[in-house]
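Note sheet for the following structure.
Residue numbers (my numbering): 4 to 118.
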């Protein structure tokens, strides 16, 4: 079972792939922190419909991530980028890597920034 934070992150990655009703309900739930009753009032639908949209939307988010792995890969790349940036900045400060390797690290960081 994925937790509230993870679902919110998956929503940011995959929200455009959800149905309009799922996207609206999840947007109000995660981004505006509204209750199901408040969402129902806002959208003019029943609390049951809100619950169904949220439940089905979360299932879809999980399915998208299980198949596409965009969020997982994004966080892996971000982690690698952070480690590489630390290595680069520490090596520049300590001048303990040859210039060509420092340049290669900088080029890789630039490529990662474009992802």
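Note that CB positions come from ideal geometry on N, CA and C, so glycine has one too.
- When DSSP states are grouped into helix, strand and coil, residue 47 belongs to the coil group.
- Residue nearest to residue 43 within the set 101, 60, 24 is 24 (criterion: CA-CA distance).
- Residue 90 carries a helical assignment under DSSP once its states are collapsed to helix, strand and coil.
- If you check the CB distance, residue 112 and residue 91 come in under 8 Å.
- Between the alpha carbons of residue 86 and residue 26 lies a distance of about 34 Å.
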